[in-house]
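All residue numbers for the sequence shown refer to this note's numbering, where the first residue is -13 and numbers rise by one.
Comments concern the structure below.
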Amino acid sequence: MTQNSTAAQQMSGPPVRRWCDVAAGWALFPVVCALALFAGYLTVFFTVEDDDCVYKAQICHPRYVDWAVGVSWGGILCAVVGSLVMLIVSTLSGRRVWIWPVLAIALIMFSLCTGLAFLAQVVEK
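As structure tokens, then:
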């Protein structure tokens, strides 16, 4: 049994990586950067939600604006830097490359939606 498994491992060799995997991964990275810039630009407007606290007599929690911006920017930063590092590592090591930009896009969307959820808690309705 062990002889068959070692023979199968020797015959299979390293995984064969197709060029379209690497091309798709690196082609998706500018999409990640563009989405990150757009999401970062949207977070600039999060502070507008705090204006209701100043001009209207409402119960407000302005600390949530800080959390919303921090969570959004933190997720964007982790997604872009992590995707770039893992693209380089995956390209050099022969692993799947396209998965990292896709995960980065998902993380950017998740962090932006989480920031919007924090932003919804600023003004009590």
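Just so you know, even glycine gets a beta-carbon here, dropped at the ideal spot from N, CA and C.
| query | result |
| --- | --- |
| Residues near D36 by beta carbon distance below 7 Å, same chain, minus five either side | P48, V51 and V108 |
| V83, DSSP secondary structure in three states | coil |
| Within 9 Å, strictly: CB atoms of F96 and G60 | no |
| Under the three-state DSSP convention, the category V108 falls into | coil |
| Status (buried if at least 16 other CB within 10 Å, exposed otherwise) for L63 | exposed |
| Alpha-carbon spacing of L105 relative to V75, whole angstroms | 36 Å |
| Cβ-Cβ separation, P87 to S58 (assumed contact under 8 Å), whole Å | About 19 Å separates the two Cβ atoms, so there is no contact after all. |
| Whole-number beta carbon distance between V66 and V30, since they are thought to touch under 8 Å | The Cβ separation is near 17 Å, so there is no contact. |
| Beta-carbon spacing of T77, V8 below 9 Å | yes |
| Boundaries (first-last residue) of the alpha helix (DSSP H) holding V34 | Counting along the chain, V34 falls outside any alpha helix (DSSP H), and DSSP gives it neither H nor E. |
| Contacting residues, own chain, Cβ-Cβ under 8 Å from C46 (five flanking each side not counted) | D36, D38, C39, V108, V109 and E110 |
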